[in-house]
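Notes follow the structure.
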Amino acid sequence: MDELLEILNDLHPDVDFTTETGLIDNMILDSFDIVTLISEISENFDVTISAEYIIPENFNSAQALYALIEKLEDEE
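Residue 57 in UniProt numbering sits at position 57 of the sequence shown, with consecutive numbering throughout.
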């Protein structure tokens, strides 16, 4: 989780990703951020986020995103 928080903080250092639960709903992350996140996650966690997983629920919080990463790691 620390590695994910570091990636998120690099994108938006002004956001408290440990408590924020509306990253997409509150328009904190935009489409460019999502593309960057997917690339960074792929590189750092060795998982592939396919299009079916690119939905707001998976990107609204660091916790949801980390749960997705864990799920993808289990599938590989």
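Every residue, glycine too, gets a C-beta built ideally from N, C-alpha and C.
In this structure, the CA atom of Glu70 is about 17 Å from the CA atom of Leu8. Within the UniProt domain "Carrier" (1-73), the complete alpha helix (DSSP H) segments of 4 residues or longer fall at 2-11, 31-45 and 56-59, listed in chain order. For Glu76, the secondary structure class from DSSP, reduced to helix, strand or coil, is coil. The Cβ-Cβ distance between Thr21 and Ser50 does not fall below 9 Å. One alpha carbon belongs to Ile34, the other to Met27, and they sit about 11 Å apart.
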